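In the working numbering, the protein residues as written are 7 to 259.
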């Protein structure tokens, strides 16, 4: 029937054939339907022609696109609510799938991306005391790869290639932000004090070894008092007066 109509209009209304010309722009493909039937994809840029009767052209851009995933609340591995937004970089590779198999390829990607990001982020903690551990705050390569892989599997139906998924915003939800900040400050304080104590112990040990190396032998009570005084001074950052007089004798005397 479609072929018959095209022949009739071509014979009796030849000027209508002029409407068969159309343009394919760079980084664009034209999916052609004729009376609802898929006829092919024009990928060559420039002026093209197809019989206009019953023709439908669906233009699909193959340029790189970005999708801004708006901020949403996600529960991380530890059960803490966090706000996450992301940027997805993608492009359409199979224009036939994008034009026919889904109603709107870009909307399809947006819907899938939101669900995938929530699912992947729930597998990891927001932060970890070990700076080398995989966590959302570090946005490690492992998390990025998993996001791209799972999103790619979800949007293959739409002919889309996912190039990257990056977090745009990542923070604790407002209702727990203050409490988590206090916890982080406490952890930082403990780590700092531990570093100070470890350094002080090392310095005291070196001091005792040096005294013995110089032939100065301390009695056990004096050595204990010396260690106590040095640790107090080094760990407090303030001068401290010895509580008892240090007794020592030299092998040289």
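We put the beta carbon where it would ideally sit given N, CA and C, even for glycine. Since the model is a prediction, treat every value here as computed from it, not as a measurement.
Between the alpha carbons of residue 105 and residue 138, how many angstroms are there, rounded?
44 Å
Among 209, 123 and 220, the one whose alpha carbon lies nearest that of residue 233:
That would be 209, whose Cα lies nearest to the Cα of residue 233.
Taking the alpha carbon of residue 72 as the point to measure from, which residue in 223, 84 and 92 has its own alpha carbon closest?
92
Would DSSP call residue 105 helix, strand or coil?
helix
Between the C-alpha atoms of residue 244 and residue 238, what's the straight-line distance to the nearest angstrom?
Reliability of the predicted coordinates at residue 244 is poor, the pLDDT of 47 falling under 50, and no value is obtained from them.
Residue 41 (DSSP reduced to helix, strand or coil)
Coil.
Can you look up residue 221 in the DSSP assignment and give me helix, strand or coil?
coil
I'd like to check one pair, residue 82 with residue 131: are the Cβ atoms closer than 8 Å?
yes
Examine the Cβ distances between the stretch 53-64 and the stretch 152-169 and report whether three or more of them are shorter than 8 Å.
no
Residue 102 beta carbon less than 8 Å from that of residue 165
yes
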